[in-house]
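So the structure is just underneath, and the comments pick up after that.
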Amino acid sequence: MSYIARDDRPADKAERYAEVEGEILAVLEGETNRTARMATVASMLADAFPAFFWTGFYAVDPDRAGELVVGPYQGTLGCLRIPFGRGVCGAAAHTSQTQVVEDVHAFPGHIACDSRSESEIVVPVFDGSGLLIAVLDIDATEKAAFDAIDAEALERLMGKVFGA
Ligand code: SME
């Protein structure tokens with residue numbers, strides 16, 4: 083398992099997600115600005131899970147159809163734009179389905195922003211009317227860092243933060 087427990091925190095990954103979800107929702111109480119919400123999620127998730135190497139958002143660009151543009155993130159320099167259908171983020175945007183990639187080097191069309199990235203999860207983000215507004219992209223430096231527990235927890239979190 084990828085998650086490295088800190089001494090004073092729950093060892094179980096699902097439990098840690100539940101804990102950090104509560105913390106994020108508490109911080110965001112009353113804040114409606116989407117950029118502020120994305121920045122807070124990126125920062126708090128990056129801090130909550132030491133295995134997370136790059137944590138952030140690619141937003142659907144309202145000015146350029148079929149393109150994602152980088153949003154708030156924590157990590158090394160990410161590429162600025164990703165066309166729908168290209169790489170892991172583009173696949174998530176194109177299909178509106180979460181992508182769990184155990185080995186990014188085996189994923190067709192993967193965009194290597196940082197060669198240290200080995201595995202990745204990308205979760206589509208919808209607004210309250212069900213419109214795709216962004217994808218949440220999390221990378222790890224080890225293979226197979228993400229599984230169904232991450233997918234379920236992150237989909238639930240995105241629904242609570244951006245779909246309510
Ligand atoms: N690896 C991603 C590109 C974004 S970076 O990882 C920050 C992809 O193939 O979608």
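Count along the sequence shown from 1, add 82, and you get the number used in the numbering used here. For every residue, glycine included, the Cβ atom is placed at its ideal position computed from N, Cα and C.
Any non-hydrogen atom of the ligand SME closer than 7 angstroms to residue i Cβ
i, result
"valine 207", "no"
"aspartate 229", "no"
"isoleucine 203", "no"
"histidine 192", "yes"
"valine 182", "no"
"isoleucine 106", "no"
"aspartate 185", "no"
"aspartate 221", "yes"
"valine 151", "no"
With 16 other Cβ atoms within 10 Å as the buried cut-off, status of residue i
i, result
"aspartate 219", "buried"
"methionine 83", "With a pLDDT of 44 at methionine 83, under the threshold of 50, the modelled position of that residue is not reliable, and no figure is offered here."
"alanine 96", "exposed"
"glutamate 103", "buried"
Spatial distance of residue i from residue j (CA atoms)
i, j, result
"valine 243", "alanine 226", "26 angstroms"
"isoleucine 164", "phenylalanine 139", "12 angstroms"
"methionine 283", "isoleucine 106", "Look at the range of the chain in this structure, 83 to 246, and you will see that residue 283 is not part of it."
"arginine 238", "cysteine 161", "26 angstroms"
"arginine 122", "alanine 108", "Correcting the residue type first, residue 122 is threonine in the shown sequence and not arginine. Answer to the nearest angstrom: the Cα atoms are 11 angstroms apart."
"proline 132", "phenylalanine 228", "13 angstroms"
"leucine 213", "arginine 98", "29 angstroms"
"glycine 241", "proline 144", "21 angstroms"
Beta-carbon spacing of residue i, residue j below 8 angstroms
i, j, result
"valine 181", "alanine 188", "Per the sequence shown, residue 181 should be read as glutamine rather than valine. It is not a contact, given that the beta carbons lie outside the stated cut-off."
"threonine 137", "glycine 157", "yes"
"aspartate 209", "glycine 245", "yes"
"valine 217", "serine 199", "no"
"glutamate 149", "phenylalanine 134", "no"
"arginine 119", "glutamate 113", "yes"
Residue i: CB within 7 angstroms of a non-hydrogen atom of the ligand PLP
i, result
"serine 197", "No copy of the ligand PLP appears in this structure; the ligands present are the ligand SME."
The region 231 to 244 contacting the region 201 to 214, beta-carbon criterion three pairs below 8 angstroms: Output reads yes: the region 201 to 214 touches the region 231 to 244.
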